[in-house]
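Okay, structure first, notes after.
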Amino acid sequence: MGENPWQPLLQTFEKLSNCVQTHVSNFIGIKNIPRSSSTIQNPIILDPYPPIATNSSSLQKLPIKDKSTGPVTKEELGKATWTFLHTLAAQYPEKPTRQQKKDVKELMAILSRMYPCRQCADHFKDILRSNPPQAGSQEEFSQWLCHVHNTVNRSLGKLVFPCERVDARWGKLECEQKSCDLHGTSMDF
Ligand SMILES: Cc1cc2nc3c(=O)[nH]c(=O)nc-3n(C[C@H](O)[C@H](O)[C@H](O)COP(=O)(O)OP(=O)(O)OC[C@H]3O[C@@H](n4cnc5c(N)ncnc54)[C@H](O)[C@@H]3O)c2cc1C
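When we follow the UniProt record's numbering, the leftmost residue of the sequence shown carries the number 1, and every step to the right adds one.
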């Protein structure tokens, strides 16, 4: 019988897959992955999760939890939320629509009810009562936000931020061709 016409193609494919395996195993630090001469064995399964412990002794052997995963602290949550809010304010339109102004007020009201730190949410509700959201323009909203953030800062004994520097601190997102900008309108509908 003649030679299998697919043989050269299969050999090329095997060489290619061996090459990929070598590079991947070097990359993730696994050495000497066994290979077969004719078939691919031991496919690499990347499992980022450690096995679940089934008894107390194996629990003790679990690696120390990576701080970048798992529940966040009140401070981390606060920082992330302020980052979101100040970035939103920096991108807020110069001439927001009526809907956008309404959305800002609703967002703040929802934060004061649903912010996942009860004490902070209640505190923020009090702050909003004496400082209703001002969102008639980009500058008005970012200055108002800076002011309420400073109110929280003061109550926590933190330094007050100079609000004339809020644009320099936060600014707009770096997106090509203004593709991240929120669009307002010159008409107030
Ligand atoms: C709505 C809300 C209510 C909160 N209430 C409470 C509370 O009652 N009790 C509590 O313990 N924590 C509260 N927090 C969390 C708290 O405000 C801080 O986020 C947290 O303590 C971490 O502080 P930080 O020093 O890392 O900086 P953050 O206050 O988180 O600020 C982050 C960064 O923003 C910049 N910044 C600071 N002030 C201003 C400002 N006025 N304007 C613009 N930029 C500024 C600074 O560069 C700073 O590094 C609240 C957070 C939010 C979002």
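Note that the Cβ used here is the ideal one computed from N, Cα and C, for glycine as well.
Nothing here was measured: the structure is a model prediction, and the numbers come from that model.
Beta-carbon proximity list for LEU145, same chain, < 7 Å, skipping 5 on both sides:
For the purposes of this step, residue 145 is taken as residue 145 along the sequence shown, with counting starting at 1. Contacts found: LEU85, HIS86 and ALA89.
Nearest candidate by alpha-carbon position, reference PRO183, set GLY70, ASP126 and GLN138:
Counted from its first residue, the sequence shown places residue 183 at position 183. Correcting the residue identity first, residue 183 is His in this sequence and not Pro. The option with the nearest alpha carbon to HIS183 is GLN138.
Beta-carbon separation (whole angstroms), PRO132 vs LEU77, contact threshold 8 Å
Residue numbering aside, residue 132 sits at position 132 when the sequence shown is read from its first letter. Residue numbering aside, residue 77 sits at position 77 when the sequence shown is read from its first letter. Rounded, the Cβ-Cβ distance is 24 Å, inconsistent with contact.
By Cβ distance below 8 Å, which residues in the same chain neighbour ARG169 in space, the five residues on each side in sequence not counted?
Indexing the sequence shown from 1 puts residue 169 at position 169. HIS86 and PHE161, listed in sequence order.
Which listed residue (CYS175, MET108 and LYS158) has its alpha carbon closest to that of ASP122:
Taking the sequence shown and counting its residues from 1, one reaches residue 122 at position 122. Cα-wise, what sits closest to ASP122 is MET108.
Assign CYS180 to one of two classes, buried (16 or more other C-beta atoms within 10 Å of its C-beta) or exposed (fewer than that).
Position 180 of the sequence shown holds residue 180. Exposed, by the Cβ-count rule.
Backbone CA spacing between ARG98 and LYS105 [nearest angstrom]
Counting from one through the sequence shown, the residue named residue 98 turns up at place 98. Counting from one through the sequence shown, the residue named residue 105 turns up at place 105. Those two C-alpha atoms are separated by around 11 Å.
Residue nearest to THR81 in terms of C-alpha spacing, selected from ARG129, CYS120 and LEU159:
One-based indexing of the sequence shown puts residue 81 at position 81. Taking only the C-alpha atoms, the option nearest THR81 is CYS120.
According to the neighbour-count rule (16 or more other Cβ atoms, all chains shown, within 10 Å of its Cβ), is PRO51 buried or exposed?
By 1-based counting over the sequence shown, the position of residue 51 is 51. The predicted position of PRO51 is uncertain, since its pLDDT is 49 and thus under 50; no value can be drawn from it.
Per-residue DSSP class, three states only, for SER155:
Residue numbering aside, residue 155 sits at position 155 when the sequence shown is read from its first letter. In the structure shown, SER155 adopts helical secondary structure according to DSSP, grouped into three states.
Classify PRO96 as buried or exposed, calling it buried when 16 or more other Cβ atoms lie within 10 Å of its own Cβ.
As a position in the sequence shown, residue 96 is number 96, starting the count at 1. Counting Cβ neighbours within 10 Å, PRO96 comes out buried, since at least 16 surround it.
Can you determine whether any heavy atom of ligand 1 sits closer than 8 Å to the C-beta of LEU107, and answer yes or no?
One-based indexing of the sequence shown puts residue 107 at position 107. With a cutoff of 8 Å, LEU107 does not count as near ligand 1, since its C-beta is closer than that to no heavy atom of the ligand.
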